[in-house]
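FYI, the numbering for the sequence shown is -15 to -1, 1 to 656, going by mature numbering (1 follows the signal peptide of the UniProt record, and there is no 0).
First comes the structure, then the notes that go with it.
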Amino acid sequence: IRHFIKLLLLTTVTALITREKLVSGSIEQTSLSPDGKVVGFIALDKRKIRNVFIWTISERQKRQVTFEESNVKSFEWTGVKDVIIFTKDITGDENFAMFTRNISKAAQPENVVISKKLRVKARTIANDKKKEFILIGMNDVNPSYYNVYKYDIIGKQLSLALSNSRFHDIHTDNNLKIRLATEVLDDGTTVFFRPSGGIIDEVLTSDIEQWEELFRLSSVDSLITKFLRFDSSNENIYWIWGEESDLGNVVIAPAHDITQRRVLYFATCSEIEETFFNPEDHTIISISANYHTPQRVFVDESIAEDISSIDKSLSHFLPSYQIGLLNILDISLDFNTWLITYYSAEASTEVFVYNRSEKSLERLFDTAPGRKGYTVGKPIGFSFTASDGLTIQSYLSLPTNVPLKTSTDVSEELKEFADRGMIPEAPQKMVLLVHGGPSSRDKYHFLNIHALLTSRGYAVLQVNFRGSIGFGKKFHTAGWGEWSRKMHSDLIEAVEFAVTNGIANRSAIAIVATPDTFACGIDLFGPSNLITLLKAIPPTWKSGRAELIMRMGGDPETEEGRRELAARSPLFIADRVKKPLLIMQGANDARVKQDESDQFVAALSNHSIPFTYVLYRDEGHGFKRTPNKLAELGHIEKFLHECLGGEYQPFLDGEYGENAVVRTEGATSRV
């Protein structure tokens, strides 16, 4: 959850890509209509608000189809032609409103409200893009659990399908019938149930007499176990299965007896990240994993000719394309039209449409045309061994055009890193960019903040410290109880790797818990007091509370737990901060409340530590509104320029009309 940006001192200048280019051009959530004729995506409109657009393939025309005054969060196609579902987080508190809209040119331009209740979160439970109804969940009665409703898209009516006060997840078959439900116990054990009367059409409740237990999974095995879908017969279930495997395997098992499971595919170096299914017969097309870079393996032999044809065409369109980086975004229900892109960390990528019957690939559009032509530092995946023997996967990105040492210029132990382009001729300015979660992970992909930093002449170091997801149960649980301890040691040892190998200069490093290590720090919506953080988690996070306590090392409801959490909380060691901090927070953050930053700022002020505190009054966890995102990047690069002397696009408070309160105490002096 705490995003510390920690900094090292180095040198290099790269061509500046402006903040405006970084923020204003990205196309997201690209998907294909069920009939394969239209591509939909979310992008900024002329008012700099994220709305839904469509691209008609035959006409090669783009058209805006939603006109919201606040950002659209997500959208989906439905089984009713020209009708989409979309959601919005109006205040930033993650209570998503949900609407449908007919996007045909002939339709009346109006939204149909499914849910717009205050403090109620709506989400899709099941949508096969074939039927005239969907199942949605709303925590409209009990804030911790989602009731399930059937929504008639044509009739615009909701009807209750499951009254729920116990289950955290609901799973359906291909007919959108509720077949499975999960309950998470206080110790983190996950219990799977099925309706005791078989497939039931009437309204269900979560009352215990209506359900029978199928099996249980421990809190550890639950970490990587995932329901995938029913097969075409609705009698068997595909799973990513966590028992008896550190990384998880893809299995299929009878719906009524998981013990009869059969392993289809084994994970190798990292967890299985995604499975892609044939929309016609519900068999697996491909499986993807992600260690240093994403790798998608196509397992359906019937499409081998298609994959070969696509790879050949992409190599023609893109001279730098590498076999193995093909990524399928979506497929039409008849399996004939495929929406194609490729894995990349470039400033802009391209989207293509593949016609299977014609074996033809057509270029559609760039995902970020405003950024096209800019070169940014690309993440290079590598691993190092922590002091206790644990392998830590990480990424290093150098600014573009940095002179590099070759394998003949370095010692034997550095030849592998030099061959990967990781050893500069001179140490560089560097940012240690730490992911949130904390059980999230860094990946090989494009990030605005990453592009900003490398274009300003900073190298970027990203570390998947212990507890990060994607690397197996042992690696995940190695982080339990290690918040601000071994998790933090992994970060410091990664910095030591960079210093020792001539990537970073040891001379200017400071961080809250290690005041002599980093030159300055940036805290993005991070918790300062783990006690108050755990006491204020959103109701919908109830099922994950046990894991959060194990991760952080203490239960706030016990005296011993409070002592442990206090010992790990930045708030209680604020007097040890010696270098300037930039702190940024959303006032409506449902995960890390504003009080977390307020407490920390008060403690910094009491100890005369220099800081700048930026509070966005209309944001939640992560800043979404365009003026605020532009200002966020402006504050970051101004702060780094003042602290470390990197390149800088000038920035003034209020330049973008951002809705922020800025408080500064002390001065940020350049090292």
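Where is the CB? At the ideal position from N, CA and C, for every residue including glycine.
- For residue 367, the closest C-alpha among the options 303, 429, 530 and 316 is that of 429.
- As computed with DSSP, residue 271 is found in a beta bridge with 261 and 283.
- Judged by their CB atoms, residue 390 and residue 365 are not nearer to each other than the 7 angstroms cut-off.
- Here residue 521 is not near residue 559, since their CB atoms are 7 angstroms or more apart.
- Contact between residue 167 and residue 158 is absent: CB atoms are separated by about 16 angstroms, not below the 8 angstroms threshold.
- Under the DSSP assignment, residue 39 falls in the beta strand (DSSP E) whose first and last residues are 35 to 41.
- Per DSSP, the unbroken alpha helix (DSSP H) holding residue 480 starts and ends at 471 to 485.
- In this structure, residue 450 places its C-beta atom within 7 angstroms of the C-beta atom of residue 472.
- Beta-bridge partners of residue 225 (DSSP): 211 and 235.
- Apart from the 5 residues on each side of it in sequence, residue 482 sits with its Cβ closer than 6 angstroms to the Cβ of 369 in its chain, given in chain order.
- A Cβ-Cβ separation of about 19 angstroms leaves residue 590 out of contact with residue 627 under the 8 angstroms criterion.
- Fully enclosed alpha helix (DSSP H) runs of no fewer than 4 residues occupy 544 to 552 and 579 to 591 of the stretch 542 to 598, in order along the chain.
- Residue 70 sits buried, since 16 or more C-beta atoms from the chains shown fall within 10 Å of its C-beta.
- The C-beta distance from residue 312 to residue 340 rounds to 18 angstroms, too long to fall under 8 angstroms, and the pair is not in contact.
- Residue 516: member of the alpha helix (DSSP H) spanning 515 to 520, first to last residue.
- Taking the Cβ atoms as the reference, residue 426 lies roughly 6 angstroms from residue 420, within the contact range of under 8 angstroms.
- Residue burial is scored here from C-beta neighbours: residue 164 has at least 16 other C-beta atoms within 10 angstroms and is therefore classed as buried.
- Counting along the chain, residue 351 sits inside the beta strand (DSSP E) bounded by residues 345 to 351.
- By the Cβ rule, the stretch 22 to 33 counts as touching the stretch 4 to 12, because three or more pairs are nearer than 8 angstroms.
- Spanning the alpha carbons of residue 202 and residue 96 requires a straight line of approximately 42 angstroms.
- The C-beta distance from residue 217 to residue 267 rounds to 5 angstroms, short enough to fall under 8 angstroms.
- Contact between residue 288 and residue 270 holds, with the beta-carbon distance rounding to 7 angstroms and staying under 8 angstroms.
- Closest option to residue 54, judged by alpha-carbon separation, among 106, 76, 44 and 47: 76.
- Around the beta carbon of residue 510, 16 or more other beta carbons sit within 10 angstroms, so the residue counts as buried.
- Under the three-state reduction of DSSP output, residue 47 falls in the strand class.
- For residue 128, the closest alpha carbon among the candidates 80, 63 and 112 is that of 80.
- DSSP places residue 439 inside the alpha helix (DSSP H), whose first and last residues are 433 to 440.
- Rounded to the nearest angstrom, the gap between the Cα atoms of residue 213 and residue 219 is 13 angstroms.
- Within 10 angstroms of the beta-carbon of residue 603 lie 16 or more other beta-carbons, which makes it buried.
- Between residue 596 and residue 618, the C-beta spacing is not below 7 angstroms.
- Contact check for residue 433 against residue 7 passes: the beta carbons are separated by less than 7 angstroms.
- Taking C-alpha positions only, residue 609 is separated from residue 548 by approximately 36 angstroms.
- In this structure, the beta-carbon distance from residue 35 to residue 57 falls below 7 angstroms.
- Sorting 291, 317, 284 and 331 by C-alpha distance to the C-alpha of residue 306 places 331 at the top.
- In this structure, the beta-carbon distance from residue 230 to residue 455 does not fall below 7 angstroms.
- With a cutoff of 7 angstroms on beta-carbon distance, residue 173 and residue 209 are scored as not near each other.
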